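Structure, as structure tokens:
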Amino acid sequence: MADMTRFMIISDTHNLEFKEGTIFPFRLPAPKVDVILHCGDITQIGGASYYQKALKMLGALNAELKLIIAGNHDVDLDKEYCPSYKNREHSQEQRKEEHEEAMEVMTGPLAKESGITYLFEGTHTFTLKSGATFTVYASPYTPEFSRWGFPYEHHEDRFNTSEQIPKDQLSPKGKPVKSIAVNPILSFPDVHIVMTHGPPRFIMDEYRSGRAGCENLLRAVSRARPLLHCFGHIHEGHGATMVTWKAQLGKKPLDHVFSGGSSEAGTFKVEVGEEIKQMNCYPDEATPGPLAHGKKTLFVNAAIRDGGYNPSNPAWLVDLKLPKA
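The opening position of the sequence shown corresponds to residue 489 in the working numbering, with each subsequent residue numbered one higher.
Next up, the structure:
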């Protein structure tokens with residue numbers, strides 16, 4: 489499609505390797521795309537050899553740019569959490585070495601050879617050979633979930649400054665939590681893509697025990713209004729939905745809601761559009777085409793593995809019209 493940039497969006501591959509003759513939807517040969525976005529959970533429980541296999545898998549895909557973030561299962565990529573991971577019978581020194589080995593794989597020569605850029609939390613800008621340019625806000629962090637990596641407490645807010653959060657969102661010491669991102673989302677109204685491991689609250693975040701999405705993330709995205717917010721983490725939520733935002737931003741943080749059917753939790757009203765049914769299977773289907781920045785956002789849960797950890801979900805192919813550098 490002329491003037492369009494094609495993205496392949498995947499997440500939660502959990503040690504997946506391409507095998508000859510596979511019948512699963514995410515397989516080779518895969519279509520050529522401009523950008524691949526991998527939203528984390530590259531492995532099942534870390535390990536340098538598994539990252540190497542993941543890079544080999546991603547290296548087999550044809551794309552100019554391949555962006556990847558960690559997920560909660562990629563425990564040894566979490567520098568702060570890995571040394572205290574109590575479920576592994578290794579010394580602190582061994583766990584430090586595991587982190588360094590994992591980072592060497594994800595940021596070293598093998599990653600470059602595979603065309604992969606590993607994203608840390610924060611805002612990143614890229615320009616493609618076509619001249620298309622876009623800004624990504626990336627974060628691997630999710631609300632604490634069964635003692636895995638990159639956690640934060642449910643009452644903490646990584647995505648908003650102290651002036652932007654409700655009064656009940658307090659740090660463990662009783663103070664409002666400031667944005668930990670290098671650049672808060674609100675400072676970049678031209679963020680084109682938000683790429684997180686976990687979903688926002690109420691949007692494809694439901695699993696057998698309830699909902700696992702983050703309300704603070706939803707609040708931040710509702711201000712940024714990107715063209716695309718992609719994530720994974722909750723395998724059962726695989727799918728996509730389009731959101732049409734209100735014409736004006738609200739004056740208070742909780743006023744940033746969007747049009748469509750509604751559901752409510754506490755004081756934050758959330759309204760979502762209809763689910764997109766198209767499965768984007770190969771060879772060449774894609775959605776959604778042109779989106780007006782600030783008016784609509786496509787939300788995509790791109791988990792490749794389903795609730796039973798079978799790789800039964802397809803990748804999403806999405807065409808976006810991006811500005812030129």
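All C-beta atoms in this analysis are idealised placements derived from N, C-alpha and C, irrespective of residue type, glycine included. Keep in mind that this is a model prediction, so the values were computed, not measured.
- Item | Alpha carbon of P513 to alpha carbon of P802, nearest angstrom | The sequence position of residue 513 within the sequence shown is 25, counting from 1. The sequence position of residue 802 within the sequence shown is 314, counting from 1. Taking the straight line from one Cα to the other gives about 5 Å.
- Query: Span of the beta strand (DSSP E) holding V788?
  - Reply: Working through the sequence shown from its first residue, we reach residue 788 at position 300. Segment 784-789, the beta strand (DSSP E) holding V788.
- With G547 as the anchor, note down where its alpha helix (DSSP H) starts and where it stops. Reading the sequence shown from its first residue, position 59 is the one you call residue 547. Unbroken alpha helix (DSSP H) run through G547: 536-547.
- Message: By the three-class DSSP mapping on this structure, what secondary structure does A780 have?
- Response: As a first step, residue 780 is located in the sequence shown; it is residue number 292 there, counting from the start. Three-state DSSP puts A780 in coil, outside helix and strand.
- Item | Residue interval of the beta strand (DSSP E) (run including S602) | For the purposes of this step, residue 602 is identified with residue 114 of the sequence shown, where counting begins at 1. Neither: S602 is in no beta strand (DSSP E) and is coded neither H nor E.
- Would you be able to state if there are at least three C-beta pairs under 8 Å between the region 497-507 and the region 523-541? yes
- What do you get for L786, buried or exposed, if any count of 16 or more other CB atoms within 10 angstroms of its CB means buried? Within the sequence shown, numbered from 1, the residue matching residue 786 stands at position 298. Buried.
- Query: Can you tell me the Cα-Cα spacing of N648 and R515, whole angstroms?
  - Reply: Taking the first residue of the sequence shown as position 1, residue 648 is located at position 160. Taking the first residue of the sequence shown as position 1, residue 515 is located at position 27. Spanning the two alpha carbons is a distance of roughly 38 Å.
- Message: Only counting the same chain, and skipping five residues up and downstream in sequence, which positions put a Cβ closer than 6 Å to that of R814?
- Response: Since the displayed the chain opens at 489 and closes at 813, residue 814 lies outside it and no answer follows.
- Message: Can you list, in chain order, the residues of its chain with a C-beta nearer than 6 Å to that of L565? Leave out the 5 residues immediately preceding and following it.
- Response: Indexing the sequence shown from 1 puts residue 565 at position 77. Closer than 6 Å at Cβ, skipping near neighbours: A558, A590.
- Message: Applying the 10 Å Cβ sphere with the 16-neighbour rule, what's the burial state of S697?
- Response: As a working note, residue 697 is residue 209 in the sequence shown. Looking at its Cβ environment, which holds fewer than 16 other Cβ atoms inside 10 Å, S697 is exposed.
- Message: Let me confirm a value: G509 is counted as buried when at least 16 other C-beta atoms fall within 10 Å, else exposed. Which label applies?
- Response: Your numbering for residue 509 matches position 21 in the sequence shown. By the neighbour-count rule (16 or more Cβ atoms within 10 Å), G509 is not buried but exposed.
- Is the beta carbon of Y625 less than 9 Å from the beta carbon of V682? Translated into the one-based positions of the sequence shown, residue 625 becomes position 137. Translated into the one-based positions of the sequence shown, residue 682 becomes position 194. Taking 9 Å as the Cβ cut-off, Y625 and V682 qualify as a contacting pair.
- On a CA-only basis, which of K541, K584, I604, E581 is nearest D522? Give me that one, please. Translated into positions along the sequence shown, residue 522 becomes position 34. The shortest C-alpha separation from D522 is found at I604.
- Query: Taking just the CA atoms, how far does I511 sit from P517?
  - Reply: Here residue 517 refers to the residue found at position 29 of the sequence shown. Here residue 511 refers to the residue found at position 23 of the sequence shown. Using only the alpha carbons, I get a separation of about 12 Å.
- Message: Using only the alpha-carbon positions, how far apart do H781 and P714 sit?
- Response: Position 293 of the sequence shown holds residue 781. Position 226 of the sequence shown holds residue 714. H781 and P714: Cα-Cα distance of roughly 7 Å.
- Item | Beta bridge counterpart(s) of I681 as assigned by DSSP | Residue mapping note: residue 681 aligns to position 193 of the sequence shown, counting from 1. Paired residues: V624, L716.
- Message: Taking DSSP's pairing of strands, which residues face P639 in a bridge?
- Response: As a position in the sequence shown, residue 639 is number 151, starting the count at 1. DSSP output for P639 lists T630 as bridge partner(s).
- Task: Using only alpha-carbon positions, find the residue among L549, A536, P519, R494 that is nearest to F506.
- Result: As a working note, residue 506 is residue 18 in the sequence shown. With distances taken between Cα atoms, F506 lies closest to L549.
- Could you check the C-alpha separation between S667 and R646 for me, to the nearest Å? Mapped onto the sequence shown, residue 667 falls at position 179. Mapped onto the sequence shown, residue 646 falls at position 158. Interpretation of S667 is limited by its pLDDT of 33, a score under 50 that renders its predicted location unreliable; no figure is taken from the coordinates.
- DSSP bridge partner residues for E588 (one or two, in chain order): In the sequence shown, the residue the question calls residue 588 occupies position 100. In DSSP, E588 forms no bridge with anything.
- Message: Suppose you measure from the CA of Y538 to the CA of E609; what does that come to, to the nearest Å?
- Response: Counted from its first residue, the sequence shown places residue 538 at position 50. Counted from its first residue, the sequence shown places residue 609 at position 121. Cα to Cα, Y538 sits roughly 22 Å from E609.
- Item | The beta strand (DSSP E) enclosing A728, as first and last residue numbers | The residue you call residue 728 lines up with position 240 of the sequence shown. Taken as a continuous stretch (DSSP letters only), the beta strand (DSSP E) holding A728 covers 727-733.
- Message: Is the separation between the beta-carbon of V806 and that of F719 shorter than 9 Å?
- Response: Walking along the sequence shown from the start, residue 806 turns up at place 318. Walking along the sequence shown from the start, residue 719 turns up at place 231. For V806 and F719, no; Cβs fall outside 9 Å.
- Query: If you draw a straight line from the alpha carbon of L627 to that of V563, how long is it in whole angstroms?
  - Reply: Counting from one through the sequence shown, the residue named residue 627 turns up at place 139. Counting from one through the sequence shown, the residue named residue 563 turns up at place 75. The sequence given here places Ser at residue 627; Leu does not occur at that position. Using only the alpha carbons, I get a separation of about 15 Å.
- Message: Can you give me the C-alpha to C-alpha distance between L504 and H685, rounded to a whole angstrom?
- Response: As a working mapping, residue 504 is identified with position 16 in the sequence shown. As a working mapping, residue 685 is identified with position 197 in the sequence shown. C-alpha separation (whole angstroms): 17 Å.
- With burial defined as no fewer than 16 other Cβ atoms inside 10 Å of the residue's Cβ, what is the status of Y797: buried or exposed? Here residue 797 refers to the residue found at position 309 of the sequence shown. Exposed.
- Message: So, with DSSP's three-state summary, where would you put T531?
- Response: As a working note, residue 531 is residue 43 in the sequence shown. Correct three-state label for T531: coil.
- Task: Using the Cα positions of W636 and A791, report the straight-line distance between them to the nearest angstrom.
- Result: By one-based count along the sequence shown, residue 636 stands at place 148. By one-based count along the sequence shown, residue 791 stands at place 303. Their Cα atoms are separated by approximately 17 Å.
- Straight-line gap, H587 to A599 (C-alpha atoms, nearest Å): The count along the sequence shown starts at 1 and reaches residue 587 at position 99. The count along the sequence shown starts at 1 and reaches residue 599 at position 111. C-alpha separation (whole angstroms): 16 Å.
- Message: Using only the alpha-carbon positions, how far apart do M496 and H643 sit?
- Response: For the purposes of this step, residue 496 is taken as residue 8 along the sequence shown, with counting starting at 1. For the purposes of this step, residue 643 is taken as residue 155 along the sequence shown, with counting starting at 1. Answer to the nearest angstrom: the Cα atoms are 33 Å apart.
- Message: From the DSSP secondary-structure annotation, give me the bridge partner or partners of R494.
- Response: Position 6 of the sequence shown, counted from the start, is the residue given in the question as residue 494. Answer is D807, bridged to R494.
- Item | For T611 and C702, the rounded distance between their alpha carbons | For this step, residue 702 is matched to residue 214 along the sequence shown. For this step, residue 611 is matched to residue 123 along the sequence shown. One C-alpha to the other measures close to 19 Å.
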